[in-house]
Amino acid sequence: MASKHRKFWLRWAGLFVICSAVISAFQTAASARDYITVQSTTSTENSGLYDYILPQYTRQSGVDVKVVSVGTGQALRNAQNCDGDLLIVHATRDEENFVRNGYGTARYDLMYNDFVIVGPSADPANLGAANSAMDALQRLAETTAKFASRGDNSGTHKAEILLWQKAGIAVNSAHDSWYLETGLGMGATLNFAVQAGAYTISDRATWLAFRNRSGHKILYQGDPPLFNQYGVVPVSKSHCPNIKVELANDFIRWLLGSEGQGAIASFRRSDKQLFFPNARK
3 MASKHRKFWL RWAGLFVICS AVISAFQTAA SARDYITVQS TTSTENSGLY
53 DYILPQYTRQ SGVDVKVVSV GTGQALRNAQ NCDGDLLIVH ATRDEENFVR
103 NGYGTARYDL MYNDFVIVGP SADPANLGAA NSAMDALQRL AETTAKFASR
153 GDNSGTHKAE ILLWQKAGIA VNSAHDSWYL ETGLGMGATL NFAVQAGAYT
203 ISDRATWLAF RNRSGHKILY QGDPPLFNQY GVVPVSKSHC PNIKVELAND
253 FIRWLLGSEG QGAIASFRRS DKQLFFPNAR K
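Numbering (our numbering), first residue to last: 3 to 283.
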């Protein structure tokens, strides 16, 4: 009887060892699966775009895509420090300089949307009567209505500063008490603007995905200077020898091709398209 029990337990011990080996093999395979790192602007992450399109690419390619979501300025610095295989950001001039300085190999148009000016529904600066984006900003400055700036060197912040310059207005948070720099991402800055009763500039995708609007709404939109172009840039292997150039280029080809562009176009929130693909054919 003891011999039978011993054989029984030996059999189960053997099965346990086999199962453990199989599980370990699967875990090793999963951990060893190829991946690339994207240094990205926050708006693409906050909007939910990556949650929608990246699983489609991974199912097809078997390659995971890890996203580091920061402001465009920080994303460019991270990539320059070789902390990513490619960039998806929205500051065309800086992206072109990144390539020109040898940190990236090329820059491609990927998609676009636009910026909107949002604020309290009471609209104390009367932006609803503005006839241009420059007029809207001039109204803000003249009335000293509270305005929340990201102040973080992100793509949205860069676009905002350029708009103030075009409007002929020099803003300085150290002297202008109405001009409030948050140093935060877009979602957090929107939360701050709602709590403070302030205006702010947001990319449309993040605004559409934002749920804590309270009495805030879009008060100015549609002017050409509010156009918001996104680009994709592979990091240069000459500058960063350890980047995964082949995997990065395969992902970029997918993004710029019919499948990736179609995935971007089909991403919606509340039945509204958030990004419009415009890769050059």
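The beta carbon of each residue, even a glycine, is placed where N, CA and C say it ideally should be.
>> Which of the three DSSP states is assigned to PHE100 in this structure?
In response: It is helical.
> Going by DSSP, which residues form a beta bridge with SER240?
Replying inline: DSSP lists no partner for SER240.
> Comparing alpha-carbon positions, which option in VAL65, ARG152, TYR105 lies nearest GLY189?
Replying inline: When C-alpha distances from GLY189 are compared across VAL65, ARG152, TYR105, the shortest belongs to ARG152.
> So, using beta-carbon positions, are ASP36 and ASP66 closer together than 9 Å?
Replying inline: Contact: yes.
>> Looking only at its chain, what residues have a beta carbon closer than 7 Å to the beta carbon of ASN280, apart from the 5 residues adjacent to it on each side?
In response: Within the same chain, and ignoring the five residues on either side of ASN280 in sequence, the residues whose Cβ sits closer than 7 Å to its Cβ are ASP111, MET113, TYR114.
> What does a CB cutoff of less than 6 Å around TYR232 pick up in its chain, not counting 5 residues either side in sequence?
Replying inline: In the same chain as TYR232, and ignoring 5 residues on each side of it, the C-beta atoms closer than 6 Å to its own belong to HIS92, LEU112, MET113, in chain order.
> Of the residues VAL69, ARG95, LYS274, GLY106, which one's Cα is nearest the Cα of ARG206?
Replying inline: The candidate whose alpha carbon is nearest that of ARG206 is LYS274.
> Taking C-alpha atoms, which residue in LEU258, ALA135, ALA124, ALA176 lies nearest to ALA147?
Replying inline: Of the residues LEU258, ALA135, ALA124, ALA176, the one whose Cα lies closest to the Cα of ALA147 is ALA124.
> PRO57: buried (16+ other C-beta within 10 angstroms of its C-beta) or exposed?
Replying inline: Exposed, by the Cβ-count rule.
> Taking Cβ positions, are ILE90 and THR145 nearer each other than 9 Å?
Replying inline: No, they are not a contact pair.
> Per the contact definition of three or more C-beta pairs closer than 8 Å, is the region 233–248 in contact with the region 101–109?
Replying inline: Counting Cβ pairs under 8 Å, three or more are found: they touch.
>> Quick check on PHE269: buried or exposed, where buried means 16 or more other Cβ atoms within 10 Å of its Cβ?
In response: It counts as buried.
>> Less than 6 Å between C-beta atoms, sequence neighbours within five positions excluded: which residues of the same chain meet that for VAL24?
In response: Model confidence at VAL24 stands at a pLDDT of 44, short of 50, so the residue's coordinates are unreliable; what they give is reported in the following sentence. Excluding its 5 nearest sequence neighbours in each direction, VAL24 has no C-beta neighbour in its own chain below 6 Å.
> In this structure, does DSSP put PHE117 in helix, strand or coil?
Replying inline: In the displayed model, PHE117 falls within a strand according to three-state DSSP.
> Between PRO236, TRP180, ASP53, which lies nearest to PRO126 when the distance is taken from Cα to Cα?
Replying inline: It is TRP180.
> Leaving out the 5 sequence neighbours to the left and right, which residues in its chain are closer than 7 Å to GLU162 when beta-carbon positions are compared?
Replying inline: Cβ within range, chain order: SER151, ILE203.
>> Using a 10 Å radius around the Cβ and a threshold of 16 neighbouring Cβ atoms, would you call ASP87 buried or exposed?
In response: With 16 or more Cβ atoms within 10 Å of its Cβ, ASP87 is classed as buried.
> In angstroms, rounded to a whole number, what distance separates the CA positions of GLY217 and GLY121?
Replying inline: About 8 Å.
>> Relative to the C-alpha of VAL69, which candidate in TYR52, LEU78, ARG61 has its C-alpha closest?
In response: The candidate whose alpha carbon is nearest that of VAL69 is TYR52.
> Should ASN83 go down as buried or exposed, given a rule of 16 or more other Cβ atoms within 10 Å for buried?
Replying inline: Exposed.
>> Could you tell me which whole alpha helix (DSSP H) segments of length 4 or greater appear in the region 125–162?
In response: Scanning the region 125–162 for uninterrupted alpha helix (DSSP H) segments of 4 residues or longer gives 135–145, listed from N- to C-terminal end.
> Quick one, are the C-beta atoms of ALA135 and ALA172 less than 9 Å apart?
Replying inline: With contacts defined as CB atoms closer than 9 Å, ALA135 and ALA172 fail to qualify as a contacting pair.
> DSSP three-state call for ARG271: helix, strand or coil?
Replying inline: DSSP places ARG271 in the strand class (E or B) of the three-state scheme.
>> Suppose you measure from the CA of ASP252 to the CA of THR39; what does that come to, to the nearest Å?
In response: Whole-angstrom Cα-Cα distance: 13 Å.
> Rounded C-beta distance between PHE149 and TYR201? I'm assuming under 8 Å.
Replying inline: Contact flag correct, Cβ pair sits at about 5 Å.
>> As an exercise, report each continuous alpha helix (DSSP H) stretch of at least 4 residues that is fully enclosed by the region 189–228, in chain order.
In response: With a minimum length of 4 residues, the continuous alpha helix (DSSP H) runs that stay inside the region 189–228 are 206–211.
> ILE254 and PRO236 look like a contact to me (Cβ under 8 Å); what is the Cβ gap, rounded to whole Å?
Replying inline: Contact between ILE254 and PRO236 is confirmed by a C-beta separation of about 6 Å, below the 8 Å threshold.
> Under the three-state reduction of DSSP, which class applies to ILE171: helix, strand or coil?
Replying inline: ILE171: coil per DSSP, three-state reduction.
> Which residue or residues does DSSP assign as beta-bridge partners of ASN230?
Replying inline: Answer is ASN115.
> On the three-state DSSP scale, how would you describe SER1?
Replying inline: Because residue 1 is not part of the residues shown, which for the chain are 3 to 283, the question remains open.
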